[in-house]
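Worksheet: the structure to be examined is printed underneath.
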Amino acid sequence: MTEIFTVKTQAFLDQKPGTSGLRKKVKVFQPPHYLENFVQSIFDSVTIPPNSTLTLGGDGRFYNRVAIQVIIKMAVANGFTKVIVGQGGILSTPAASHIIRKYQTLGGIILSASHNPAGPDEDFGIKYNTANGGPAPEKITEAIFAKSKTISDYKVADFSDVNIDQLGETNFDGFSVQVIDPVADYADLMMSMFDFNAIKALFETGFSMKFDAMHAVTGPYAKEIFVNRLTAPENSLMNCEVSETFGGGHPDPNLTYAHELVEQLYQANAPDFGAASDGDGDRNMILGNHFFVTPSDSLAIIAANAKLIPAYQQGLAGVARSMPTSGAVDRVAKKLNIPCYETPTGWKFFGNLMDADKVTLCGEESFGTGSNHVREKDGLWAVLCWLNIIAAKKMSTEAIVKAHWAEYGRNVYSRHDYEAIPTEAASGVLQHIKAQFDSLPNQTFGKYTVKTCDDFSYTDPIDGSISTGQGIRILFACGSRIVFRLSGTGTEGATLRIYLEAYEPDVSKHHLDAQVALAEMIEIALKISQLKQRTGCDKPTVIT
Ligand code: G1P
Ligand code: ZN
169 MTEIFTVKTQ AFLDQKPGTS GLRKKVKVFQ PPHYLENFVQ SIFDSVTIPP
219 NSTLTLGGDG RFYNRVAIQV IIKMAVANGF TKVIVGQGGI LSTPAASHII
269 RKYQTLGGII LSASHNPAGP DEDFGIKYNT ANGGPAPEKI TEAIFAKSKT
319 ISDYKVADFS DVNIDQLGET NFDGFSVQVI DPVADYADLM MSMFDFNAIK
369 ALFETGFSMK FDAMHAVTGP YAKEIFVNRL TAPENSLMNC EVSETFGGGH
419 PDPNLTYAHE LVEQLYQANA PDFGAASDGD GDRNMILGNH FFVTPSDSLA
469 IIAANAKLIP AYQQGLAGVA RSMPTSGAVD RVAKKLNIPC YETPTGWKFF
519 GNLMDADKVT LCGEESFGTG SNHVREKDGL WAVLCWLNII AAKKMSTEAI
569 VKAHWAEYGR NVYSRHDYEA IPTEAASGVL QHIKAQFDSL PNQTFGKYTV
619 KTCDDFSYTD PIDGSISTGQ GIRILFACGS RIVFRLSGTG TEGATLRIYL
669 EAYEPDVSKH HLDAQVALAE MIEIALKISQ LKQRTGCDKP TVIT
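Written as structure tokens, this is what we have:
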């Protein structure tokens, strides 16, 4: 008999886990009992029926392998009879979501701190996904937090470490551990959704691509999908070897952190297409030759062209976007005569809509796009959408975007992040804006007149749950917007995000560079918020 030990412990969490699970420095996770406490709090917050299976994997960052062994032993001690784990402890976030769904496991534990840097002095993270493949809903995360405050012991089974590098199923006394190829099931899913022959033919014409895995989890996925299955040349890939420190980089696919890729796409003889994904593979950035596709536009363009992709040939049930995401997709939905939902920031809000078949595609301005094929955003899926659309339309990335603007108008968009500012200064900025809620309406700033302002709240149309305080919106009469919101995922101080959007129906009038086109809106945002005076920052840390 495998022995189960109960270990005495004490309450530990001082702070509610964020929308993406618990993210902390590795050094916070390392002391005795910390990881175990959180894992036990998860298992105590879900019902584990007999013969339950757990999906387990992570983005391969430092501490991933240690945590995998601990979780296998705790899963068994808590009554799981099977654990499916990706070889080497690897599963990208969308692949984990797919495995949960395909093998109908009770849920999954995903080890990742997404795009945050990795290494002994950097971040680690852990989150629980439920049987639909999506992040645990608020009800469960609340329970996990409550549990973590009162926990007094955890359970762990006594057996030696499992060889997670060897494929195959090992049977123990009353349970089994199955080590699976982390890529195969996901690659098969992609093959079933997209026109791989058309994309292959595109590569055969000499179409050139650069995909940057940023030393993170999508490397092996990209090799299998792009090189092995789509026959793209090997030099289409960069940074595709997974390292525990992500090469010392910050695997966030945006113009700042993916600069190595950006430089290649903006040099002479640049490739036709460029793309990158983040640490755990759920985010994406799309580039053309000397051209950047804003994530909000990317969502709108995928929606407008979805019928060119075999998986969506029958059309879309509806679309959804997070509140700060631009309204570009709303215009597509209107034309397609399908519903468009506006949800708070965070992927979990899309899950209910997808489970109820209300939406097929969804996305966030933060380089996250996805569909109901899984319940997470999906970086490689978005890249394949673009390749499929390019192959079908036989147009360049830039030409596709410009044709879209010509048809629908352009929602000029940018996000300014002020990272690691003192928490008090950041909340002071928001308080200062809220104090103006009564006086702002009808005020005019240059050519912009404020129509309304509010603190966004959302009632889930499926389960009726209400989420308040989701970001301050200042809506202008012309349809332009400024949104202020505090990040829920940063690990140092506070991160204040300002989202700027101006709608321009006649594209010929607009400056291509969003920062120039939005200059006046940026001034207004700074004036209303007194951000510089209150935080001492004179410019954003990241502009996208
Ligand atoms: C950020 C993004 C948000 C995304 C989340 C998880 O959250 O803005 O859209 O869902 O990461 O990837 P934030 O730091 O803004 O709370
Ligand atoms: Zn991520």
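The sequence shown: position 440 = 608 (this note's numbering), numbered continuously.
Idealized CB from N, CA, C, for every residue including glycine.
Near the ligand ZN: residue i beta-carbon under 6 Å from a heavy atom
i      : result
Arg451 : yes
Asp333 : no
Ser376 : no
Ser445 : no
Asp448 : yes
Ser607 : no
Ser151 : Past the edges of the chain, shown from 169 to 712, lies residue 151, and the structure says nothing about it.
Ser282 : yes
Bridge-paired residues (DSSP) for residue i
i      : result
Arg665 : Asp585 and Arg653
Glu337 : Gln346
Gln386 : A small correction: the amino acid at residue 386 is Thr; Gln does not occupy that position in the sequence shown. Paired residues: none, contrary to the question.
Leu190 : Ile294
Phe460 : Leu455
Met406 : Asp380
Ala443 : Phe379 and Ile454
Phe644 : Val618
Val324 : Phe173
Thr719 : For residue 719 there is no data in the structure shown, the boundaries of the chain being 169 and 712.
Arg578 : Glu672
Leu222 : Val251 and Gly275
Ile634 : Thr627
Ile319 : DSSP, once it has assigned bridges, lists no residue as partnering Ile319.
Thr612 : Thr617
Contact check, residue i vs residue j, beta carbons under 7 Å
i      : j      : result
Ala366 : Ala559 : yes
Gly293 : Gly189 : yes
Ile400 : Ala390 : Reading off the sequence, residue 400 comes out as Ala, not Ile. Going by C-beta atoms, Ala400 is not nearer than 7 Å to Ala390.
Ala693 : Ile711 : no
Asp619 : Leu654 : A quick correction: the sequence has Lys, not Asp, at residue 619. No, the Cβ-Cβ distance between Lys619 and Leu654 is not below 7 Å.
Thr511 : Ala593 : no
Leu467 : Gly531 : yes
Val175 : Asp326 : no
Val234 : Ala243 : no
Leu529 : Ala471 : yes
Ala438 : Asn457 : yes
Ile557 : Leu476 : yes
Ser260 : Gly301 : no
Leu405 : Phe379 : yes
Glu402 : Val410 : no
Asp622 : Arg649 : no
Gly639 : Phe624 : yes
Ser582 : Ala501 : no
Ile236 : Gly257 : yes
Pro288 : Phe230 : yes
Asp446 : Pro421 : yes
Lys177 : His201 : The sequence given here has Thr at residue 177, not Lys. Yes; because the gap between Cβ atoms is below 7 Å, this pair is in contact.
Thr537 : Ala550 : yes
beta-carbon residue i near the ligand G1P non-hydrogen atom, thresh 6 Å
i      : result
Gly226 : no
Glu171 : no
Gly656 : yes
Ser188 : yes
Thr565 : no
Gly302 : no
Thr591 : no
Gly514 : yes
Thr534 : It is worth fixing the name first, because residue 534 is Ser in this sequence and not Thr. Checking every heavy atom of the ligand G1P against the Cβ of Ser534, one is found closer than 6 Å.
Where residue i sits in the DSSP three-state scheme
i      : result
Gly543 : Note on identity: in this sequence residue 543 is Arg, with Gly being the wrong assignment. Correct three-state label for Arg543: coil.
Gln208 : helix
Pro478 : helix
Cys553 : helix
Ile277 : strand
Gln255 : strand
Arg229 : coil
Thr617 : strand
Gly639 : coil
Ala670 : strand
Pro285 : coil
Leu203 : helix
Glu532 : strand
Gly416 : helix
Cβ-heavy atom distance, residue i to the ligand MG, below 6 Å
i      : result
Ala593 : The ligand MG is absent from the structure shown, which contains only the ligand G1P and the ligand ZN.
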